[in-house]
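Single-structure report; data block below.
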Amino acid sequence: MTAGVVFALFNLALLQVVSSCPKECSCDTHTKAVDCRGQSLYDIPRKLHQDTLELYLQNNRIRGLGSMSFRETPQLQILDLANNSITMLSPSALLGLKGLKVLRLANNSIREVDRRLLVSIRNLTLLDLSYNSIGGLPGALADSFHHLTHLSLQYNHLTKLDRVLLEALGNLKVLHLKGNPWRCDCHLIGLKLWLEKFAFKGGEVDDITCVQPHLMQERDLRHVPYELFHACMITSYSYLFANIHYLDGKQRGLSGQLHSSSRAPSASDFGLLGENMLPECEAKHRPRPVNYRHAIATVVITGVVCGIVCLMMLAAAVYGCAYAAINAKYQRELKRKMTEADRKDEEH
């Protein structure tokens, strides 16, 4: 009897430990969701269920995420850390969350996203990094964005965005870029072209208002005519031609129009644009090395053609000389016969 009671109490205690929920949170065993919103937490709560699928930590005071911060919840699919005070993200903070699909880090104080942060996450569909202080995204993040459908980068410190990163977003449907200090110089031609292709495919994007240079202020990058990128085109025609297939006829027709003015850009406009933008233009591509096989083939063909021409000229010269010699001989014979005929007439 005593042994049975002890065994039952042990099982009960074990069950409580396994099914425990942090005191600051509420847990839904049916949806496997843990809600810890607005609890003034400074750290990620412990004793979370290993099979937790959703973790909501908005409106707390979390300042950073250390290495493997979610090792207790490897099955997470939704992680919401919006409205905290996060300034530091360990490159391995999300390590182990291979099934993560939704990650919200909006309204924090994040300055940089390490290229290793999302390296192990391959199924992410929504990433919200809005309202932070991010100045750029590493191109290596593209490896984790193949399934991304929603990306929000609103109200950060972005001045440009690498097109290599955007090209990897094959499934993207919604892109938010509003509220960044975009510098609409040569480096943003790639973004402009990509946005036109994205919109043509039905993608949703908000306004991209230029802050610099002065000529572009308050313009939406998508509606800036390509004529205003004249300085970039002069220094980087190869870049533009490599992407010209993204232009449709309508957009090419905008080259002679201004978004908010009916006048054509003047020479002073181009001067100002070049003065502000030319230093930022891409360096010219170095010329490709000569293909020696093609060069040798060209020399051989040229030699053959020249040889044939020379032979034809020689043949013409020989023919001309032979004709002249035969004609001279004929004239001499004719003259000799006429002389002989005249002499015979005189004899008679």
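Position 110 of the sequence shown, counted from 1, bears residue number 114 in the numbering used here, the numbering being contiguous throughout.
Beta carbons are placed, not taken as given, at the ideal position from N, Cα and C, and that holds for glycine.
I need the straight-line Cα distance from residue i to residue j, nearest angstrom please.
i, j, result
"C188", "D211", "13 angstroms"
"Q81", "R115", "25 angstroms"
"S113", "Q79", "27 angstroms"
"N63", "P229", "43 angstroms"
"S24", "T56", "12 angstroms"
"L61", "N184", "26 angstroms"
"G139", "D39", "31 angstroms"
"R347", "K341", "10 angstroms"
"N136", "L155", "14 angstroms"
"L195", "L93", "27 angstroms"
"V215", "A97", "34 angstroms"
"V304", "V313", "14 angstroms"
"L128", "F149", "7 angstroms"
"L99", "V168", "24 angstroms"
"A246", "C190", "Here A246 scores only 48 on pLDDT, less than 50, and its place in the model should not be relied on; the value that follows carries that caveat. Straight-line Cα distance between these residues: approximately 14 angstroms."
"L318", "G311", "10 angstroms"
"R336", "A320", "24 angstroms"
"I330", "K339", "14 angstroms"
"H84", "S30", "Before going further, note that residue 84 is Asp rather than His in the sequence given. C-alpha separation (whole angstroms): 15 angstroms."
"E344", "Y334", "15 angstroms"
"K205", "L197", "13 angstroms"
"T163", "W186", "4 angstroms"
"P217", "G174", "31 angstroms"
"S89", "N111", "8 angstroms"
"V294", "A301", "Because V294 carries a pLDDT of 47, less than 50, the predicted location of this residue cannot be relied on, and the following value inherits that uncertainty. When rounded, the distance between both Cα atoms is 13 angstroms."
"F74", "R126", "17 angstroms"
"L109", "A86", "5 angstroms"
"Y159", "E222", "16 angstroms"
In the structure shown, what three-state DSSP assignment does residue i receive?
i, result
"G70", "coil"
"A268", "Low per-residue confidence applies at A268: pLDDT is 41, beneath 50, and the placement is therefore not dependable, though the value from the model is reported in the following sentence. Of the three classes helix, strand and coil, the one that applies to A268 here is coil, per DSSP."
"L130", "strand"
"E337", "helix"
"E344", "helix"
"I300", "helix"
"G349", "Checking the sequence, you will find Asp at residue 349 rather than Gly. It is helical."
"D147", "helix"
"R226", "helix"
"L93", "strand"
"Y46", "coil"
"L162", "coil"
"C25", "coil"
"N331", "helix"
"L52", "coil"
"E116", "coil"
"G139", "coil"
"G100", "coil"
"E200", "helix"
"L318", "helix"
"I312", "helix"
"L122", "coil"
"T306", "helix"
Check the DSSP bridge columns for residue i and list the partner residues they point to.
i, result
"V178", "H154 and E208"
"A31", "In the sequence on display, residue 31 carries Cys and not Ala. According to DSSP, which records beta bridges pairwise, C31 is partnered with V38."
"D84", "Y60 and R108"
"D186", "At residue 186 the sequence reads Trp, which differs from the Asp that was named. Answer is C214, bridged to W186."
Give me the residue from the options with the minimum Cα distance to residue i.
i, options, result
"Y46", "N175, R65 and P26", "R65"
"L181", "L165, G194, I193 and G42", "L165"
"K27", "L128, A37 and Q43", "Q43"
"A203", "L176, P217, P185 and I193", "L176"
"K36", "V123, H53 and P49", "H53"
"V178", "L169, Q158, L170 and E208", "E208"
"E200", "C29, E171 and L104", "E171"
"L225", "A329, I193, G206 and K205", "I193"
"E58", "R50, L107 and R119", "L107"
"L121", "Y159, D147, D349 and N111", "D147"
"G143", "V308, V117, H218 and L315", "V117"
"H161", "Y323, R223, L133 and R75", "L133"
"P49", "L69, T33 and H34", "L69"
"S124", "L109, L130, L141 and G103", "G103"
"R119", "Q158, L109, H151 and L141", "L141"
"K105", "P95, T153 and L145", "T153"
"P95", "E76, L101, T77 and S71", "S71"
"T77", "L101, T91 and R67", "L101"
Using a Cβ-Cβ distance under 7 angstroms, would residue i count as near chain C?
i, result
"T302", "No chain C appears in the structure shown, which is made up of a single protein chain."
Can you name the start and end residues of the alpha helix (DSSP H) that residue i belongs to?
i, result
"R171", "A quick correction: the sequence has Glu, not Arg, at residue 171. Where E171 is concerned, the enclosing alpha helix (DSSP H) stretches over R167 to E171."
Which residues bound the beta strand (DSSP E) around residue i?
i, result
"Q216", "C214 to Q216"
"V38", "A37 to D39"
"Y60", "E58 to Y60"
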